[in-house]
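**Student:**
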Amino acid sequence: MAVVPLDQLKADIVEVGRRLYARGFVASNDGNITIRIGDDRLLTTPKSVSKGFMTPEMMVIVDLDGRKVAGSLDASSELKMHLEVYRQRSDVKAVVHAHPAVATGFAVAGIPLDRAVLAEVICTLGSIPIAEYATPSTQELPNAVRQYIKAHDGLLLANHGALTVGTDVFAAYYKMETIEHFAKISLTARLLGGERLISQEEVLRLQSLRGLYGIAAPAPICLDDDVSGGGAGVVDATCQVVRSPDTPGARLVADPASGVAFGSRDRVPGDDEEIRLTYRELAALVEDAVQKLR
Ligand SMILES: [Zn+2]
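What the sequence shown shows, in the numbering used here, is residues 16 to 309, in sequence order.
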């Protein structure tokens with residue numbers, strides 16, 4: 016494979032930073048981006064700089080222990096989290112961390128993006144779990160990320176933001192776009208009464224099409240509670256299950272967990288179910304009944 020010149024990789028980080036800022040995925044100096052440039056070298060964004068206004072000269076080179084090797088600025092304050100990802104995943108060449116507002120809203124509410132809803136999300140990311148809350152910039156954060164990153168290419172970070180990885184920096188960035196887009200669609204669907212889920216049968220069909228989309232995804236689509244991902248010998252990788260009903264023959268199914276959401280709109284209540292009426296509605300019904308008696 017052709018080696019990409021360092022200057023190009025620096026320019027790529029500048030461009031990804033510009034897109035993160037332009038799309039509102041970061042505010043102020045939030046977020047950080049890294050690229051693996053050798054066995055023991057990473058290129059990273061600097062600390063305390065808006066990702067929308069970086070220049071290639073600002074980039075910092077560090078080793079895999081986080082020690083600065085080159086650059087005039089200090090390395091990103093979230094470097095520990097990135098280093099942990101590279102230690103756990105030899106296939107990962109780039110990591111993007113941002114705080115996209117809607118996805119982060121799900122992370123704050125403690126609601127994982129785990130429902131089988133959109134084909135492109137199932138194909139690229141599978142389920143998107145939430146790594147447990149950790150104080151930013153401390154060792155807690157890499158510890159929280161470690162559990163899921165072996166089996167997932169995209170995570171939410173509880174009460175913080177999101178993290179994506181890829182074989183190059185644009186691949187990692189596009190996964191961040193996908194997460195935020197998915198979060199917006201999920202929120203909209205819930206406001207409109209709830210999602211219909213893609214059935215397990217259809218999810219398996221999508222999984223078989225991954226190759227067709229050119230996705231050699233290390234992130235598995237987990238349809239049961241089996242721990243997988245990370246290959247043999249990895250015992251502590253957690254793969255979050257994609258929520259997808261097993262309903263043979265159906266391709267879209269009302270979400271059983273959404274209660275009064277989708278499906279109930281067209282549903283006739285059972286004998287023993289309570290119906291709530293306002294006083295005005297009740298008075299109108301009584302009035303109507305009295306009219307009929309006359
Ligand atoms: Zn952050």
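Built from N, CA and C at the ideal position, the CB exists for glycine as well.
Bear in mind the structure is a predicted one, so any value in this text is a computation, not a measurement.
Grouping DSSP H, G and I as helix and E and B as strand, with all else coil, what is residue 94?
**Tutor:** The residue you call residue 94 lines up with position 79 of the sequence shown. DSSP places residue 94 in helix when its eight states are reduced to three.
**Student:** Does the region 82 to 100 come close enough to the region 46 to 62 to have 3 or more Cβ pairs within less than 8 Å?
**Tutor:** Taking 8 Å as the limit for Cβ pairs, the verdict is that the region 46 to 62 does touch the region 82 to 100.
**Student:** Are the beta-carbon atoms belonging to residue 159 and residue 166 less than 7 Å from one another?
**Tutor:** As a first step, residue 159 is located in the sequence shown; it is residue number 144 there, counting from the start. As a first step, residue 166 is located in the sequence shown; it is residue number 151 there, counting from the start. Contact flag unset, no.
**Student:** Mark residue 301 as exposed unless 16 or more other C-beta atoms lie within 10 angstroms of its C-beta, in which case mark it buried.
**Tutor:** What you label residue 301 is simply residue 286 of the sequence shown in a count that begins at 1. With fewer than 16 other Cβ atoms within 10 Å, it is exposed.
**Student:** Which residues bound the alpha helix (DSSP H) around residue 120?
**Tutor:** Taking the sequence shown and counting its residues from 1, one reaches residue 120 at position 105. Counting along the chain, the alpha helix (DSSP H) containing residue 120 begins and ends at 116 to 124.
**Student:** Quick one: Cα of residue 171 to Cα of residue 119, how far?
**Tutor:** For the purposes of this step, residue 171 is taken as the residue at position 156 of the sequence shown. For the purposes of this step, residue 119 is taken as the residue at position 104 of the sequence shown. Going from the Cα of residue 171 to the Cα of residue 119 covers about 7 Å.
**Student:** Straight-line CA distance for residue 132 to residue 83?
**Tutor:** Locating residue 132 in the sequence shown gives position 117, where the first residue counts as 1. Locating residue 83 in the sequence shown gives position 68, where the first residue counts as 1. Using only the alpha carbons, I get a separation of about 43 Å.
**Student:** Which residue's Cα is closest to the Cα of residue 45: 176, 169, 181?
**Tutor:** Position 30 of the sequence shown holds residue 45. Nearest C-alpha to residue 45: 176.
**Student:** Taking the alpha-carbon positions, what's the residue 190 to residue 87 distance?
**Tutor:** By one-based count along the sequence shown, residue 190 stands at place 175. By one-based count along the sequence shown, residue 87 stands at place 72. Each residue's alpha carbon lies about 30 Å from the other.
**Student:** Using C-beta distances below 7 Å, list every residue in its chain close to residue 161, excluding the 5 sequence neighbours before and after it, in chain order.
**Tutor:** Locating residue 161 in the sequence shown gives position 146, where the first residue counts as 1. Closer than 7 Å at Cβ, skipping near neighbours: 99, 103.
**Student:** Got a sec? Which residues, its chain only, sit under 8 Å from residue 76 by beta carbon, not counting five neighbours each side?
**Tutor:** As a position in the sequence shown, residue 76 is number 61, starting the count at 1. Excluding positions up to five away in sequence, the list reads 52, 56, 57, 58, 59, 83, 84, 85, 86.
**Student:** From what residue to what residue does the alpha helix (DSSP H) around residue 200 run?
**Tutor:** Within the sequence shown, residue 200 is the residue found at index 185, counting from 1. 184 to 206 is the span of the alpha helix (DSSP H), which, as asked, contains residue 200.
**Student:** Note down, in chain order, each residue of its chain lying with its Cβ closer than 8 Å to the Cβ of residue 297, except the 5 sequence neighbours on either side.
**Tutor:** Residue mapping note: residue 297 aligns to position 282 of the sequence shown, counting from 1. Cβ within range, chain order: n/a, list empty.
**Student:** Taking buried to mean at least 16 other C-beta atoms within 10 Å of its own C-beta, is residue 135 buried or exposed?
**Tutor:** Translated into the one-based positions of the sequence shown, residue 135 becomes position 120. The residue is exposed, with fewer than 16 neighbouring Cβ atoms inside 10 Å.
**Student:** Select from 299, 196, 26 the residue whose C-alpha is nearest the C-alpha of residue 40.
**Tutor:** Here residue 40 is taken as the residue at index 25 of the sequence shown, counted from 1. Out of 299, 196, 26, 196 has the C-alpha closest to the C-alpha of residue 40.
**Student:** What are the complete beta strand (DSSP E) segments, minimum 3 residues, inside the region 99 to 181?
**Tutor:** Runs found: 109 to 113, 169 to 172, 176 to 181.
**Student:** For my contact list, residue 111 and residue 188 are in at a C-beta cut-off of 8 Å; report their separation, rounded to the angstrom.
**Tutor:** Along the sequence shown, read from residue 1 onward, the residue named residue 111 stands at position 96. Along the sequence shown, read from residue 1 onward, the residue named residue 188 stands at position 173. About 5 Å separates the two Cβ atoms, so the contact holds.
**Student:** Kindly list the residues whose CB is nearer than 6 Å to the CB of residue 248, restricted to its own chain and excluding five residues on each side of it in sequence; keep chain order.
**Tutor:** As a position in the sequence shown, residue 248 is number 233, starting the count at 1. With a pLDDT of only 39 at residue 248, under 50, the local geometry of the prediction cannot be trusted, and the value read off the model is given with reservation. Hits under 6 Å: none found.
**Student:** Just to confirm before moving on: does the CB-CB distance between residue 62 and residue 89 stay below 7 Å?
**Tutor:** For the purposes of this step, residue 62 is identified with residue 47 of the sequence shown, where counting begins at 1. For the purposes of this step, residue 89 is identified with residue 74 of the sequence shown, where counting begins at 1. Closer than 7 Å, so yes.
**Student:** Spatial neighbours of residue 246 within its chain, please: CB distance less than 8 Å, with the 5 preceding and 5 following residues excluded, ordered by chain position.
**Tutor:** For this step, residue 246 is matched to residue 231 along the sequence shown. With a pLDDT of 41 at residue 246, under the threshold of 50, the predicted position of this residue should be treated as unreliable, though the coordinate-derived value follows. Excluding residues within five positions, none has a Cβ falling inside 8 Å.
**Student:** What separation, rounded to the nearest whole angstrom, lies between the Cα atoms of residue 153 and residue 182?
**Tutor:** Along the sequence shown, read from residue 1 onward, the residue named residue 153 stands at position 138. Along the sequence shown, read from residue 1 onward, the residue named residue 182 stands at position 167. Going by the C-alpha atoms only, they are around 26 Å apart.
**Student:** Is residue 66 helix, strand or coil by DSSP?
**Tutor:** Counting from 1 along the sequence shown, the entry for residue 66 is found at position 51. Residue 66 falls in the helix class under three-state DSSP.
**Student:** Between residue 33 and residue 255, what straight-line distance do the alpha-carbon atoms span, to the nearest angstrom?
**Tutor:** Counting from 1 along the sequence shown, the entry for residue 33 is found at position 18. Counting from 1 along the sequence shown, the entry for residue 255 is found at position 240. Residue 33 and residue 255: Cα-Cα distance of roughly 31 Å.
**Student:** Taking just the CA atoms, how far does residue 168 sit from residue 21?
**Tutor:** To locate residue 21, count along the sequence shown from 1; it is residue 6. To locate residue 168, count along the sequence shown from 1; it is residue 153. Between residue 21 and residue 168, the C-alpha separation is close to 24 Å.
**Student:** According to DSSP, is residue 31 helix, strand or coil?
**Tutor:** Residue 31 sits at position 16 when you count from the first residue of the sequence shown. Residue state, collapsed to three classes: helix.
**Student:** Taking 6 Å as the line, does the beta carbon of residue 67 fall inside it for any heavy atom of ligand 1?
**Tutor:** Locating residue 67 in the sequence shown gives position 52, where the first residue counts as 1. Not so, every heavy atom of ligand 1 lies at least 6 Å from the Cβ.
**Student:** Could you give the distance in angstroms between the alpha-carbon of residue 157 and the alpha-carbon of residue 146?
**Tutor:** As a first step, residue 157 is located in the sequence shown; it is residue number 142 there, counting from the start. As a first step, residue 146 is located in the sequence shown; it is residue number 131 there, counting from the start. For residue 157 and residue 146, the distance between alpha carbons rounds to 10 Å.
**Student:** Under 8 Å by Cβ, that's how I've got residue 261 and residue 215 pegged, so tell me the actual separation to the nearest angstrom.
**Tutor:** In the sequence shown, counting from the first residue as 1, residue 261 sits at position 246. In the sequence shown, counting from the first residue as 1, residue 215 sits at position 200. Correct: roughly 5 Å between the Cβ atoms.
**Student:** Taking just the CA atoms, how far does residue 264 sit from residue 180?
**Tutor:** Within the sequence shown, the letter at position 165 stands for residue 180. Within the sequence shown, the letter at position 249 stands for residue 264. Those two C-alpha atoms are separated by around 35 Å.
**Student:** Can you tell me whether residue 307 is buried or exposed, with buried defined as 16 or more other CB within 10 angstroms of its CB?
**Tutor:** The residue given as residue 307 occupies position 292 in the sequence shown. Exposed is the call here.
**Student:** What residues in its chain sit with their C-beta under 8 Å from that of residue 212, if we drop five residues either side in the sequence?
**Tutor:** Counting from one through the sequence shown, the residue named residue 212 turns up at place 197. Within the same chain, residue 212 has close Cβ partners 130, 131, 132, 258, 259, 260, 267, 268, 269, 270.
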